[in-house]
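Shown next, in the form of structure tokens:
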């Protein structure tokens, strides 16, 4: 114990006999300030801590020459509401003390004045009351709730007493070195303290357990769902990978290499200590999983066995679900996506709907036949019976020893932090068990019995509304409320008197007891009502409309700044965790008056903001369905949320949720954060959004202010923190900062898709995709050094109805010799002419005339746009012979693919014949007589209707004329197969309009895209342009990249961020350029581009209460 001198000027107590049992004389030495004082169980004064002017260096322990290695004081730093407070750890104190100046504003102090004094002295100090503070150890980030005595002494240092110091693992008492008064030989078989239990059975409190036996998940006939991969913020990727590796090394998860039917989404949650928690979003899987319906224990089953019980210990399984191993088939059902591939759970994951029943069943099987041990959910109750307390302790120790040995044998691991050792009072299955029998749980009705008095007409009306609802269970309630109802009459002055006091007290007593308050019936359907006001939470548990338990609490200052949807969900989680024993493992219907809460629970977890995500994950351990009920009908929860208890005591989940600072997830500099904060404050649009987030969004978009209607569709994903609006994990950029952010996103000058992927990870504003596309299309650097555009879908030439109806021409060169190739589009038959050094118009025309005299005049000739086909001489030839002449775009030979294919074959025949020293014309004849693959006929058969005689013997019957009837059909099938494979990686480019500003793809030896302007459209995907230098060129659409400078931006591709309808522009079919001749095929006029309708689409009024896709 800590003993020290005291200051005689301190306040003292003259109560007679206060120190009569203590004969220890006070130490008379140097005087010091009273620093901390505490009380014993009989309200006696015990010990003070030394003041700062203590001179302990003159005091030495007898026989200890190494005492300098130990500190005189043990000081520790704790965080209270984020503020560091230095406290002294005193192993001799039995209470915790804190000065009022360290108690945060808003924390209630319960007045309970007590005299606290010095051990062995009469000096004392008065505490003004007690308060419970939620603290965090600054060293290991371990949270804890501590009950403090509050004093007004400014010089008093905060003090952590012995009991709390041990429970927080700040100090350890070596009991094996201490002889207590009740020690006697032969009684040290069992451990006597919690620390001894943990030390003796260390294997039962360390590591990750793995119970024998495997659990099986079974799905119904629902169609499997594969959820797409979700983006993981760059800031947490390394931590996520580290956690996945850790879980894999523990055997909790494993990588999946083969295909699986079910794939769930990944949800990453950051804990308060900065670590990562890996969860899955089994939304669709849960709908298909069959429930086990394993019965949970009832209090009626346990109560008869608790007679003569005097000692209780309560244990909790550590990460209970993860101690259950899945069989191989079930493991594949839990597959989930990550940036590094798919993983599956080898242990039962949190959030799977049958998990509570499967865990309870496996735990019962492994802990069966243990005397004095009872299990429900992950709680284990160990009891001790006996006629005397000593017998009960002995029985308890034997039962606990058997449990611990079974846990070690079956590899069941318990949670040391939640281990409650040897108490005479414990909560179990919604009841309070004591050594004196079953007692009423005051927490069930505390929200009613300690409800503050109404202070306005509105608060009286709410209370009376609750009374009206409950009057059906006890009609006398209406009569009791008459004095209260008088205050609500019109023109009645507010005057709260004795009649109202008595009425209010009587009603609270009736409402908090039978028959209004119902005993929990495990066979009845259980419901809950949760509601949140601006400063409080209220929840009531109901069965058949009758209350079973009430609860309420005040919101902390941080929680009051939550968005309304976060407060509403917090109310539901608060109620469920407060009444965990009643609702765990049972189907629960939750009622809320906040309609958006219903839809957000039906969406993917990845779309929810971080706080909502944390609360939704906690909600997954319960089998709940959230339904909507109008606010005026939610009498009980609404009243409790507005007339709440002043306490801010919260569960661990609620405390963790409060510590989630969304802005902390943004990796930005302080200067950038300040700029966003200031710009958001000046942005009227985002200020209105924050107001809607805080107060709740209207159900209909028509009820929103015009400037925020564009946010209505994503309202469930929006939240704000520290004055910055966020959409999920993405920061919503104010309007004035968007030009700066656009420039930063495009600093690397990556393409549109890359820039959008980067933007979608970190920032958002309405229309961000269209905005960035327009900005990038205007980027001069990107337009100057752009990459080639993607291929467009294949447009095949129409199949002619008869041979030589459409032919193609091209000139090719082999070994310095020029040749003319003329091919028929139907039969693939081609002629090859040696130009003998001349390839002018006269040479080409003379060869074509010879072919026309043999095969006839075609209706159309297709060629490239070069000489001599672009000459006036060739144009006169086409008019004279009456055929139309179509040309392909320059630099784009693919548009005349038939000729290119024939030229390739002809070149091969010429080269091979020359190399082999053979006759080229004999090679050509053999090729014409060879059947074509997939056509079942040769080019000669398709051209002339017969085979041709060669120098190879052939039957006369095969040389007889016979028309091939299926040429066209086979050609069409071949084109369709070709288009199927070609179009896999193509994209339609929108048509260009006259006056559009474009960039021209450079030729082979240049890398800069020159600027140009569209003059006219001369064919399908073919345009005439004028460059900046004044040159007039013709180019294919693929060689022209549209830019936004001096023109209307291209219509953006559909994107969920812009919430635009799908829209694609058809590029049409090839257009033929013709000369004016009697046989000219008319040209179809260019198609007009589709235009997007500007009419606002509104949802029908009768669907406003429904969630539509």
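In this note's numbering, the protein residues as written are 363 to 1471.
No residue lacks a Cβ here, since even glycine has one placed at the ideal position from N, Cα and C.
Helix, strand or coil: which one does DSSP assign to residue i?
{"i": "residue 828", "result": "helix"}
{"i": "residue 1048", "result": "helix"}
{"i": "residue 1441", "result": "Because residue 1441 carries a pLDDT of 36, less than 50, the predicted location of this residue cannot be relied on, and no value is offered for it."}
{"i": "residue 496", "result": "strand"}
{"i": "residue 1258", "result": "helix"}
{"i": "residue 1289", "result": "helix"}
{"i": "residue 928", "result": "helix"}
{"i": "residue 1417", "result": "For residue 1417, the predicted structure reports a pLDDT of 44, less than 50, and the residue's modelled location is therefore unreliable. The matter cannot be settled from this model."}
{"i": "residue 1151", "result": "coil"}
{"i": "residue 1432", "result": "With a pLDDT of only 38 at residue 1432, under 50, the local geometry of the prediction cannot be trusted, and no value is derived from it."}
{"i": "residue 866", "result": "helix"}
{"i": "residue 1036", "result": "helix"}
{"i": "residue 1382", "result": "coil"}
How about residue i and residue j: do their beta carbons lie closer than 8 Å?
{"i": "residue 900", "j": "residue 933", "result": "yes"}
{"i": "residue 1372", "j": "residue 1389", "result": "yes"}
{"i": "residue 961", "j": "residue 1078", "result": "yes"}
{"i": "residue 866", "j": "residue 789", "result": "no"}
{"i": "residue 1272", "j": "residue 1224", "result": "no"}
{"i": "residue 579", "j": "residue 612", "result": "no"}
{"i": "residue 738", "j": "residue 761", "result": "no"}
{"i": "residue 472", "j": "residue 488", "result": "no"}
{"i": "residue 979", "j": "residue 713", "result": "yes"}
{"i": "residue 1081", "j": "residue 1088", "result": "yes"}
Alpha carbon to alpha carbon, what distance is there between residue j and residue i?
{"i": "residue 637", "j": "residue 601", "result": "7 Å"}
{"i": "residue 777", "j": "residue 1149", "result": "60 Å"}
{"i": "residue 1446", "j": "residue 1187", "result": "Note that residue 1446 has pLDDT 42, beneath the 50 cutoff, so the model's placement of it is unreliable and no number is given."}
{"i": "residue 1170", "j": "residue 1246", "result": "12 Å"}
{"i": "residue 413", "j": "residue 486", "result": "Caution is warranted here: a pLDDT of 40 is assigned to residue 413, below 50, making its placement in the model unreliable, and no coordinate value can be reported."}
{"i": "residue 1001", "j": "residue 743", "result": "36 Å"}
{"i": "residue 1105", "j": "residue 1111", "result": "9 Å"}
{"i": "residue 1293", "j": "residue 1308", "result": "12 Å"}
{"i": "residue 877", "j": "residue 666", "result": "24 Å"}
{"i": "residue 909", "j": "residue 873", "result": "9 Å"}
{"i": "residue 1139", "j": "residue 1277", "result": "53 Å"}
{"i": "residue 417", "j": "residue 490", "result": "Residue placement at residue 417 is flagged as unreliable, the pLDDT there being 39, under the threshold of 50; the coordinate-derived value follows with that caveat. Spanning the two alpha carbons is a distance of roughly 31 Å."}
{"i": "residue 1086", "j": "residue 1038", "result": "7 Å"}
{"i": "residue 1162", "j": "residue 1326", "result": "14 Å"}
{"i": "residue 529", "j": "residue 955", "result": "41 Å"}
{"i": "residue 674", "j": "residue 764", "result": "15 Å"}
{"i": "residue 708", "j": "residue 616", "result": "7 Å"}
{"i": "residue 850", "j": "residue 958", "result": "33 Å"}
{"i": "residue 779", "j": "residue 823", "result": "45 Å"}
Considering only heavy atoms of the ligand GDP, does any lie closer than 7 Å to the CB of residue i?
{"i": "residue 566", "result": "No copy of the ligand GDP appears in this structure; indeed no ligand is present at all."}
What are the start and end residues of the beta strand (DSSP E) that includes residue i?
{"i": "residue 440", "result": "436-442"}
{"i": "residue 990", "result": "985-990"}
{"i": "residue 452", "result": "It is not in any beta strand (DSSP E) - residue 452 carries neither H nor E in the DSSP assignment."}
{"i": "residue 698", "result": "698-700"}
{"i": "residue 1402", "result": "1402-1404"}
What are the boundary residues of the alpha helix (DSSP H) that residue i is part of?
{"i": "residue 558", "result": "556-562"}
{"i": "residue 1204", "result": "1203-1217"}
{"i": "residue 909", "result": "Residue 909 -> not in any alpha helix (DSSP H); beta strand (DSSP E) instead, spanning 908-916."}
{"i": "residue 1181", "result": "Run containing residue 1181: none in the alpha helix (DSSP H); it sits in the beta strand (DSSP E), 1179-1186."}
{"i": "residue 1116", "result": "1114-1124"}
{"i": "residue 1001", "result": "997-1004"}
Any chance the segment 1152-1168 sits against the segment 1115-1135, with 3 or more Cβ pairs inside 8 Å? no
Taking one C-beta from the segment 674-691 and one from the segment 703-718 each time, how about it: are there three or more such pairs within less than 8 Å? yes
Say whether the segment 806-821 touches the segment 690-699, bearing in mind that this needs 3 or more beta-carbon pairs closer than 8 Å, one atom from each stretch. no
Cβ contact (3+ pairs, closer than 8 Å) linking the segment 1212-1226 and the segment 1197-1204: No contact exists between the segment 1212-1226 and the segment 1197-1204.
Touch check for the segment 747-757 and the segment 643-654: three-plus C-beta pairs under 8 Å? Touching, no.
With three or more C-beta pairs closer than 8 Å as the rule, is the segment 934-945 touching the segment 1045-1058? no
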